[in-house]
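K.L.:
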Amino acid sequence: MGTLINIDNGGTLTDICVWDGDAFTFTKTLTTPHDLSECLFSGIEKASAAMYGDADTTRLLHATEHIRYSTTQGTNALVQRRGPMIGILSSIESLQTQMRSDPAQEKLFGGLVADRYLTVDPQSEDFEFDAVQKVNRLTTLGAARVVIAAPSAEEERRLRHVLLRKFPRHLLGSVPLLYSWELAGDRDDARRVWSCVVNAFLHPTMERFLYAAEGRLQDYRVVNPLLVYRNDGASSRVAKSVALKTYSSGPRGGLEGTAALAKVYGLSHALMMDIGGTTTDVGVVKNGSVAVSDRGSIEGVHISYPMSAVTSAGVGGSSVIQLVDDEITVGPQSVGAAPGPACFGFGGKQATITDVNLLLGILDADTYLDGTFTLDPSRSRAVITETIAEPLGISLEEALVRMEHAYFQALSASFARLVTEQTTLLAFGGAGPMSATGAAAMAGVGQVLVPRTAAVFSAFGISFSDIGKTYEVLIEEPSTDAARATHDALLARARRDMFQEGYDLSDCQTSWQLLVENLDDTGISQLPYTPGDEVDYPGAAVTLQLSAAAALPHPDLDPDTELTPRPAEVHGTRSVRSTTDRVDEIAVHVLDRLAPGDTGHGPAIVEGPFFTARVLPGWSFRVTSAGDLMLTADN
């Protein structure tokens with residue numbers, strides 16, 4: 016089996032996880048917002064140095080069978096409203112009202128569409144002239160892309176015929192016209208058009224970067240194409256990817272990794288807590304299956320595609336900790352990678368949990384990111400004194416303790432509602448292991464699993480993806496014959512798409528389902544489908560779904576085994592502040608120098624590869640047979 020490179024590009028750090036058929040090699044590098052390909056190739060170069068002893072990017076790339084890539088850049092662009100202005104031309108009565116029916120929709124509409132919404136009447140005598148005038152008006156208002164929305168696919172095709180004649184694509188400066196029914200066969204007008212609007216907004220950002228990265232790979236004469244990891248858990252080449260499906264793809268990687276470890280450890284209810292630089296992503300794996308919503312949501316707005324049921328809270332390692340009405344608050348603002356936490360020394364003037372943990376003694380200034388980056392405690396001290404301690408009239412020491420408590424509370428609030436008696440919390444991301452036991456204790460969780468790959472866990476989870484496509488087409492007038500015709504059209508489409516991915520459809524795994532919406536007023540019913548099956552569901556929206564997957568090699572994970580416990584070797588001590596007036600010398604363990612079966616008790620610190628895990632008093636830890644860290648609350 017060839018080498019597999021999996022990359023998760025975040026707002027603060029970019030993670031690289033390489034599987035060579037026997038073991039994982041992983042590393043991290045600072046994200047470079049000015050040129051994302053720079054951190055991509057810097058990370059690959061660092062991984063090659065870890066594998067071969069000396070950096071050799073060309074050797075690693077030529078040994079690689081597949082590169083799978085996930086990025087938050089689309090997500091970040093949406094959060095920051097950094098994208099093209101979108102216009103809507105609609106013939107749907109009251110569509111604008113439907114798309115602005117709650118505060119979340121109102122906010123997103125104002126950020127992406129604003130006043131660039133016009134209507135057209137297909138029944139009017141001057142329909143063609145009016146449609147052309149309205150498109151011109153939208154572009155005058157600043158629309159760089161125009162979404163065309165009609166109540167039926169047939170009516171949109173009529174609009175398309177008119178507009179293609181009036182605005183041929185070969186003209187310089189022509190504005191892309193995007194048709195809602197082409198993206199999603201969803202009978203719910205608002206949901207379908209929202210999907211198209213968000214996709215239109217994300218597309219330019221994703222297109223520019225991904226094609227630039229693919230072009231740079233070609234400079235190394237890499238034969239296999241760059242694969243984009245999607246929020247449905249599958250991957251596809253850049254040219255066959257939909258921008259909307261890159262949104263929240265990193266958390267889906269974390270969920271797939273959580274599912275893999277849930278099977279290894281026999282966990283019936285695994286709750287992931289992925290703490291990145293800006294957000295904490297939370298999701299559930301129950302009995303080995305990733306929880307998925309039939310209709311995903313983006314910033315609280317429902318779209319037509321399924322998405323993993325992940326919620327995000329504005330709490331991360333780079334989240335700003337500040338005073339609001341004399342109360343210490345955490346997030347949702349983030350300092351990101353630039354300027355970053357104050358201790359990074361890049362000019363940051365706001366406090367973060369990274370600064371707090373450095374001054375509490377939990378982080379070592381010289382071993383951050385495995386010693387590749389040195390932190391500056393004097394900058395943290397100055398910022399926290401200025402923004403928290405002095406305004407509250409308290410000591411720096413008390414400020415640190417109260418800031419840490421506020422951070423634990425904010426983390427706990429992000430997942431406490433999902434906790435059951437069987438819950439095991441999987442803590443990962445660069446900042447996850449450091450705060451896991453503190454947040455778990457507040458939420459009533461008694462077991463925490465910190466994977467050895469915690470610092471790059473979403474990239475690790477991407478290792479379990481295949482090349483895949485999922486198609487959903489609404490059968491406008493459901494019948495047995497109409498379903499069969501839709502089946503044949505989808506089959507031809509999938510055969511073409513998978514061929515372009517490099518696979519014959521006959522060599523792929525395929526599954527067919529009928530999605531019947533509002534069949535019994537309980538949502539979407541999923542029914543297996545075989546060509547010729549009777550289709551008769553009066554009053555329901557019936558969609559035919561085809562999933563096709565070409566299997567890629569996956570890492571093999573051995574099940575956890577019971578080992579004879581023995582005391583973990585102590586590799587030093589660290590002065591850690593536990594209260595305003597108390598500093599303790601606590602044991603420091605190095606995970607890579609411990610062996611399976613090693614155990615210890617808190618208070619302690621376990622230094623892992625690119626992460627620091629804190630074991631609070633009242634907690635114990637053991638190193639599992641796979642080298643992961645299992646933390647358990649003492650009874």
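For the sequence shown, the positions run 16 to 650 when the working numbering is used.
The C-beta atom is built at its ideal place from N, Cα and C for all residues, glycine as well.
Look up Val416 in the DSSP assignment and say whether it is helix, strand or coil.
P.N.:
Secondary structure of Val416 (DSSP, three-state): helix.
K.L.:
For His586, does the three-state DSSP call read helix, strand or coil?
P.N.:
coil
K.L.:
For Lys43, count neighbouring C-beta atoms within 10 Å of its own C-beta (all shown protein chains included) and say buried if the count is 16 or more, exposed if not.
P.N.:
buried
K.L.:
Looking at Phe423: is its Cβ nearer than 7 angstroms to the Cβ of Gly453?
P.N.:
yes
K.L.:
For Pro99, which of Val213, Arg231, Ala249, Ala380 has the nearest alpha-carbon?
P.N.:
Checking every option, the nearest Cα to that of Pro99 belongs to Val213.
K.L.:
Apply the 10 Å Cβ neighbour rule to Asp341 and answer buried if 16 or more other Cβ atoms are within range, or exposed otherwise.
P.N.:
exposed
K.L.:
Assign Thr594 to buried or exposed, taking buried as 16 or more other Cβ atoms, counted over all protein chains shown, within 10 Å of its Cβ.
P.N.:
Label assigned to Thr594: exposed.
K.L.:
Nearest by alpha-carbon distance to Val325: which of Val339, Gly332, Ser308, Gly331 is it?
P.N.:
Ser308
K.L.:
So, are the CB atoms of Phe224 and Leu51 less than 7 angstroms apart?
P.N.:
yes
K.L.:
At 4 residues or longer, and completely inside the stretch 354-393: list those alpha helix (DSSP H) runs for me, N to C.
P.N.:
368-375
K.L.:
Our contact map puts Ser331 next to Gly291 with C-beta atoms below 8 angstroms; I'd like the distance itself, whole angstroms only.
P.N.:
Reading off the sequence, residue 331 comes out as Gly, not Ser. Indeed, because the Cβ distance is near 5 angstroms, the residues count as touching under 8 angstroms.
K.L.:
Measure the alpha-carbon distance for Glu171 versus Gln113 and round it to whole angstroms.
P.N.:
One alpha carbon belongs to Glu171, the other to Gln113, and they sit about 19 angstroms apart.
K.L.:
Which of the three DSSP states, helix, strand or coil, is assigned to Phe626?
P.N.:
strand
K.L.:
Rounding to the nearest angstrom, what Cα-Cα distance links Ala306 and His284 in this structure?
P.N.:
11 angstroms
K.L.:
Leaving out the 5 sequence neighbours to the left and right, which residues in its chain are closer than 7 angstroms to Thr579 when beta-carbon positions are compared?
P.N.:
Close CB contacts of Thr579 within its chain, under the 7 angstroms cut and outside five residues either way in sequence, are with Gly612 (chain order).
K.L.:
For Gln88, count neighbouring C-beta atoms within 10 Å of its own C-beta (all shown protein chains included) and say buried if the count is 16 or more, exposed if not.
P.N.:
buried
K.L.:
Out of Phe124, Val177, Gly126, Asp130, point me to the one whose CA is closest to Pro137's CA.
P.N.:
Val177
K.L.:
CB-CB under 6 angstroms to Arg245, same chain, minus the five flanking residues each way: which ones, in chain order?
P.N.:
Lys260, Ser264
K.L.:
Take the Cβ of Glu140 as the centre, count every other Cβ of all protein chains shown within 10 Å, and call the residue buried at 16 or more, exposed below.
P.N.:
Looking at its Cβ environment, which holds fewer than 16 other Cβ atoms inside 10 Å, Glu140 is exposed.
K.L.:
Report the CB separation of Asp607 from Pro624 in whole angstroms; it is logged as a contact under 8 angstroms.
P.N.:
6 angstroms
K.L.:
Residues in the same chain with beta-carbon distance under 6 angstroms from Ala352, minus the five sequence neighbours each way, listed in chain order, please.
P.N.:
If we look at Ala352 and ignore the five residues flanking it on each side, its Cβ neighbours are Thr27, Leu45, Thr46.
K.L.:
Is the beta carbon of Tyr132 less than 7 angstroms from the beta carbon of Gln111?
P.N.:
yes
K.L.:
For the structure I just gave you, are there three or more beta carbon pairs, one from the stretch 460-468 and one from the stretch 433-448, closer than 8 angstroms?
P.N.:
yes
K.L.:
Apart from the five residues just before and just after Val488, which ones in its own chain have a Cβ nearer than 7 angstroms to its Cβ?
P.N.:
Gly200, Thr501, Leu505, Thr558, Leu559
K.L.:
Ends of the beta strand (DSSP E) at Phe39?
P.N.:
39-45
K.L.:
Take the Cβ of Val398 as the centre, count every other Cβ of all protein chains shown within 10 Å, and call the residue buried at 16 or more, exposed below.
P.N.:
buried
K.L.:
Excluding the 5 residues preceding and the 5 following Leu338 in the sequence, name in chain order all residues of the same chain whose CB lies nearer than 6 angstroms to its CB.
P.N.:
Pro406
K.L.:
Assuming Ala455 is part of the alpha helix (DSSP H), what are its boundary residues?
P.N.:
447-458
K.L.:
Residues bridged to Met322 by DSSP?
P.N.:
Partner(s): Ser308.
K.L.:
Per the DSSP calculation, Lys301 is bridged to which residue(s)?
P.N.:
His284, Ser304
K.L.:
Could you round the C-beta distance between Ala357 and Ala366 to whole angstroms and report it? I think they count as a contact, below 8 angstroms.
P.N.:
7 angstroms
K.L.:
Do you know how far the Cα of Thr154 is from the Cα of Tyr383?
P.N.:
Answer to the nearest angstrom: the Cα atoms are 49 angstroms apart.
K.L.:
Where does Leu561 fall in DSSP's three states?
P.N.:
DSSP places Leu561 in strand when its eight states are reduced to three.
K.L.:
May I ask you to report which of helix, strand or coil DSSP gives His317?
P.N.:
strand
K.L.:
Going by beta carbon distance, what residues of the same chain come within less than 6 angstroms of Arg231, once the five residues before and after it are set aside?
P.N.:
Ser52
K.L.:
Would you report the Cα separation of Ile377 and Glu584, rounded to the nearest angstrom?
P.N.:
One C-alpha to the other measures close to 19 angstroms.
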